[in-house]
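Going letter by letter, the sequence shown gives residues 0 to 154 in numbering that gives the first Met the number 0.
Here a beta-carbon is modelled for each residue, glycine too, at the ideal position from N, C-alpha and C.
Just so it is clear, the structure is predicted and the values come from calculations on it, not from any experiment.
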Amino acid sequence: MKNLSKYIKMLLAGALCVLLCAGVSACGKSEDKQDEEQEVSSETVEQNLTELEALVQDELFQEQVAALSQTYEDDGLKVEVTAEGDSVVYKIIYTVAIDESKDKQALIDHLESKDFKTSIESVLRSFKVQVPQTRSVIVRYIDVNGNIIASKEYK
């Protein structure tokens, strides 16, 4: 990659875009449904996990993720959002080879940065509004071969 910091800034913007996606999904719920969901707070964790999976698989949400991913396509990146257990997982996948010996530390530093952490914590709060049992957001950078370059869980 010519300028890794450029990509990191774009990914930060991407995280904010995905936060907006989560907000769009929340806005789609009717007040009656939200009240009903609050009344059923004694649901099991398994039911809430199914709810989290349904949220990230929602057609509108996935359309927004696909649009976001498409904006990074020319830069050799693809974005996916999935649910794993009670966590939301953001996968930033490189579709081109990178120099891991140089770029890995920059990605780790990015995951540790205060601005990125603040953005991801906002994303987590948004998911928790919709599915209170959401435990964390995991961000993974994945190389072209499917190997995790850097990863961090935010609780």
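Do the segment 56-69 and the segment 111-118 meet, that is, are 3 or more Cβ pairs less than 8 Å apart? no
For residue 58 and residue 52, I'd like the C-alpha separation in whole angstroms. 12 Å
Return helix, strand or coil for residue 159, following the three-state DSSP convention. Residue 159 lies beyond the range of the chain shown here (0 to 154); nothing can be said about it.
Of all the options 117, 79, 83, 154, which has the alpha carbon lying nearest to the alpha carbon of residue 140? Comparing Cα-Cα distances from residue 140 to each of 117, 79, 83, 154, the minimum goes to 79.
Within 10 angstroms of the Cβ of residue 147, are there 16 or more other Cβ atoms? Answer buried if so, exposed if not. exposed
So which of 97, 71, 150, 49 has the shortest CA-CA distance to residue 143? 97
Which whole runs of the beta strand (DSSP E) in the segment 70-126 are 3 residues long or more, in chain order? 76-83, 86-93
Would you call the segment 127-134 and the segment 85-95 in contact, with 3 or more CB pairs under 8 Å? yes
Pairwise C-alpha distance: residue 102 and residue 150: 13 Å
Identify the residues that DSSP records as bridge partners of residue 68: which are they? For residue 68, which the question treats as bridged, DSSP gives no partner whatsoever.
Which same chain residues end up closer than 7 Å to residue 100 when comparing Cβ atoms and leaving out the 5 residues on each side of it in sequence? none
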